[in-house]
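A.B. asks: What follows is a structure written as structure tokens; I'll ask about it next.
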Amino acid sequence: MCNIKLIYFYLGFALQYRIGQLYMISKHSHEQSDRGEGVEVVQNEPYEDPNHGNGQLTEKRVYLNSKLPSWARAVVPKIFYVTEKAWNYYPYTITGKCSFLPKFSIHIETKYEDNKGSNDSIFDKEAKDLEREVCFIDIASDEIPERYYKESEDPKYFKSQKTGRGQLKEGWRETHQPIMCSYKLVTVKFEVWGLQTRVEQFVHKVVRDILLIGHRQAFAWVDEWYDMTMDDVREYEKNMHEKTNIKVCNQHSSTVDEIESHAKARVCQFLKHIAHPHT
1 MCNIKLIYFY LGFALQYRIG QLYMISKHSH EQSDRGEGVE VVQNEPYEDP
51 NHGNGQLTEK RVYLNSKLPS WARAVVPKIF YVTEKAWNYY PYTITGKCSF
101 LPKFSIHIET KYEDNKGSND SIFDKEAKDL EREVCFIDIA SDEIPERYYK
151 ESEDPKYFKS QKTGRGQLKE GWRETHQPIM CSYKLVTVKF EVWGLQTRVE
201 QFVHKVVRDI LLIGHRQAFA WVDEWYDMTM DDVREYEKNM HEKTNIKVCN
251 QHSSTVDEIE SHAKARVCQF LKHIAHPHT
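Take full-length UniProt numbering: the last position of the sequence shown gets the number 279, and nothing is skipped along the way.
This is the structure in structure tokens:
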């Protein structure tokens, strides 16, 4: 389990961060979707929870075969996706991811507070008595995979024309206002002997990279979304989802049932081989 603290200063107001996040997710998903891979939006609609109140329920299929390491591609079918469901009751969100790999799941809880990441007990209730690793993510100084690097999206060099924010220097968290923190409690489970540690470590690294890249982009795209209202960004989100679905779905001729059936058979074969290598 990895308790990830994602910290940044430029979104001091709840509504402002919320708009920037929604804009970033929609644009990022569209940019990363190509040749039948990327994010297909299955459901995105208002949702009411008796405990958390009004929110938004989103269901997505994330097609990512080419982004898997070679040892994972050997296990999964050519068309492989992860189902993601998210319940957004800002400033609290829940995200669950699962696939047709048996005994595999990712669970992410997020809480937002106006501080520099100083609340070490924010998830004590949810993760009581569980071992945790605390990781700070710094959008200015932490390195991202080279293939994703763009100087125009580097907070050390980017300067916003509308807000004057940008060109973050070392130690910016201590000197800039306003500042807020996104706390994420990430739990990964893959209960298969021989692969558990490797898969869980890989997924934690991927989640960390996604958080870092996405929030660098939200910072660098601030001039694009800064003047948007909540209604504006919801309309943008709807339009981008439609465009992204076209890019992704046109490449898949198989039905979901066919994909899942083939995937389960292939994975079960692989796991059987691990359990009984000499049979």
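Just so it is clear, CB atoms sit at the ideal spot from N, CA and C, and this is done for glycine as well.
Using only CA atoms, which one of Tyr183, Arg198 and Cys181 lies nearest to Lys189?
C.D. replies: Nearest C-alpha to Lys189: Arg198.
A.B. asks: Excluding five sequence neighbours on each side, which residues of the same chain lie with their C-beta closer than 7 Å to the C-beta of Lys272?
C.D. replies: Confidence at Lys272 is low in this model, with a pLDDT of 44, below 50, so its placement is unreliable and the value that follows should be read with caution. Nothing listed; no residue qualifies.
A.B. asks: Starting from Lys238, follow the alpha helix (DSSP H) in both directions and report where the run begins and ends.
C.D. replies: Its alpha helix (DSSP H) spans residues Met230 to Cys249.
A.B. asks: Name the residue from Val41, Gln21 and Arg132 whose alpha carbon lies nearest to the alpha carbon of Thr93.
C.D. replies: Ranking the options by Cα distance to Thr93, first place goes to Gln21.
A.B. asks: Could you name each continuous alpha helix (DSSP H) segment of 4 residues or more that falls completely within the region 131-202, going from the start of the chain to the end?
C.D. replies: 172-175, all fully within the region 131-202.
A.B. asks: Determine the direct distance from the alpha carbon of Glu170 to that of Pro145, and round the result to whole angstroms.
C.D. replies: So the alpha carbons of these two residues sit roughly 20 Å apart.
A.B. asks: According to DSSP, Pro46 sits in a beta bridge with which residue or residues?
C.D. replies: Pro46 is bridged to Gln56.
A.B. asks: Around the Cβ of Phe123, are there at least 16 other Cβ atoms within 10 angstroms (buried) or fewer (exposed)?
C.D. replies: Buried is the call here.
A.B. asks: Have a look at Arg216, Glu48 and Arg208 and flag the residue whose alpha-carbon is nearest the alpha-carbon of Tyr149.
C.D. replies: With distances taken between Cα atoms, Tyr149 lies closest to Arg216.
A.B. asks: Check each candidate in Asn119, Tyr112, Ile137 and Arg18 and name the one with the smallest Cα separation from Val207.
C.D. replies: Comparing Cα positions, the closest option is Ile137.
A.B. asks: Look at the Cβ atom of Tyr226, then the Cβ atom of Lys162, and state whether they are nearer than 8 Å.
C.D. replies: In this structure, Lys162 lies closer than 8 Å to Tyr226 by Cβ.
A.B. asks: With a CB to CB cut of under 6 Å and the five nearest residues on each side skipped, what residues in its chain are close to Glu59?
C.D. replies: Excluding sequence neighbours, Glu59 sits near Val42, Gln43 and Lys85.
A.B. asks: In the DSSP output, what is Trp87 paired with across the bridge?
C.D. replies: In DSSP, Trp87 forms a bridge with Leu57 and Ile94.
A.B. asks: So, is Ile210 buried or exposed, given that buried needs 16 or more other C-beta atoms within 10 angstroms?
C.D. replies: Flag for Ile210 reads exposed.
A.B. asks: Keeping to the same chain, check which residues put their C-beta closer than 6 Å to that of Tyr90; ignore five residues upstream and five downstream.
C.D. replies: Within the same chain, Tyr90 has close Cβ partners Arg18.
A.B. asks: On a CA-only basis, which of Ile106, Thr110, Lys111 and Thr187 is nearest Arg132? Give me that one, please.
C.D. replies: The option with the nearest alpha carbon to Arg132 is Thr187.
A.B. asks: Kindly indicate which residue of Thr83, Cys135, Val39 and Gly166 has the alpha-carbon position closest to the one of Cys181.
C.D. replies: The candidate whose alpha carbon is nearest that of Cys181 is Cys135.
A.B. asks: Which value, in whole angstroms, describes the spacing of the CA atoms of Gly117 and Gln167?
C.D. replies: Each residue's Cα considered, the two are about 21 Å apart.
A.B. asks: Please classify residue 283 as buried or exposed, where buried requires at least 16 neighbouring CB atoms within 10 angstroms.
C.D. replies: Outside the modelled stretch of the chain, which goes from 1 to 279, sits residue 283, for which no answer is possible.
A.B. asks: Does DSSP put Tyr17 in a helix, a strand or coil?
C.D. replies: Tyr17 falls in the helix class under three-state DSSP.
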